[in-house]
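> Sharing a structure here in structure tokens format.
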Amino acid sequence: MDFSKTWSTAYFRGRTLRRAGGMFDANFYDVQTDEEFWVSGPKRDRTDTRYGPSNPEIEPEAVDTYRAFLEGASLPGRENG
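The opening position of the sequence shown corresponds to residue 115 in my numbering, with each subsequent residue numbered one higher.
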């Protein structure tokens, strides 16, 4: 997943997702389909899911970055906060 410079737009698997408030159970929506999504970053305590304990599904290309994050590394693009 990539984000715009302002973090208001996310790009994921060919979709363009825009951040929006006021949605019941989402914080982004697909600009082409209006499908809603909850987008959130990982947490070092592994409580990554929105509701209750669960093992998150990690995209294969993000596994190494996720493991490094769990070991204390910064997330790409978030090195300064």
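Cβ coordinates follow ideal geometry from the N, Cα and C atoms, glycine included.
1. Would you report the Cα separation of Asp148 and Ser118, rounded to the nearest angstrom?
2. Along the beta strand (DSSP E) that carries Asp159, what are the first and last residues, could you check?
3. Can you grab the Cα-Cα spacing for the pair Arg132 / Tyr143, in whole Å?
4. What number of angstroms, rounded off, separates the C-alpha of Leu189 from the C-alpha of Met115?
5. Determine whether the beta carbon atoms of Asn169 and Ser154 lie at a separation below 9 Å.
6. Secondary structure at Leu184, three-state DSSP: helix, strand or coil?
Per the coordinate set shown:
1. Cα-Cα distance, rounded: 19 Å.
2. Neither: Asp159 is in no beta strand (DSSP E) and is coded neither H nor E.
3. Taking the straight line joining both Cα atoms gives about 5 Å.
4. Cα-Cα distance, rounded: 12 Å.
5. Not closer than 9 Å, so no.
6. Helix at Leu184.
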